[in-house]
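>
In the working numbering, the protein residues as written are 1 to 108.
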């Protein structure tokens, strides 16, 4: 425990972080009314907000994107008239059309 305290004291040393003749007590929030320093306690707000954004992103990627992608594929199939008849799935249709474009001389 003494090692941890020594490391903490060395890290938060006023010689490292503060100008001469200034202590941590001088810059504590609310000590002087004419000086407005940032309050370190406000740093706790971004953590729950970030968690909400991460969960929201997960929900969008998991559910909304899947539904949107399925609707887009259905709309594309409706425009094309269902494909060439040989392919039933979109991945198979993609590979079939890709092979047809690459090797038209084979009649694939």
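Idealized CB from N, CA, C, for every residue including glycine.
Note that the coordinates shown come from a computational prediction; the quantities given were computed from them, not determined experimentally.
Cβ of residue 38 within 9 Å of Cβ of residue 29?
Yes, the Cβ-Cβ distance between residue 38 and residue 29 is below 9 Å.
> Considering only the alpha carbon of each residue, which of 48, 8, 23 lies closest to residue 14?
Comparing Cα positions, the closest option is 23.
> Could you have a look at residue 46 and say whether DSSP puts it in helix, strand or coil?
Residue 46 falls in the helix class under three-state DSSP.
> Alpha carbon to alpha carbon, how far is residue 61 from residue 10? Give it in angstroms, no decimals.
Taking the straight line joining both Cα atoms gives about 45 Å.
> What residue does the alpha helix (DSSP H) around residue 23 start on, and which one ends it?
Unbroken run through residue 23: none, as it is neither H nor E.
> By DSSP, does residue 68 sit in helix, in strand, or in coil?
Of the three classes helix, strand and coil, the one that applies to residue 68 here is helix, per DSSP.
> Quick check on residue 62: does DSSP put it in helix, strand or coil?
Here residue 62 sits in helix by DSSP.
> When you compare the CB positions of residue 16 and residue 25, do they come within less than 9 Å of one another, or not?
No.
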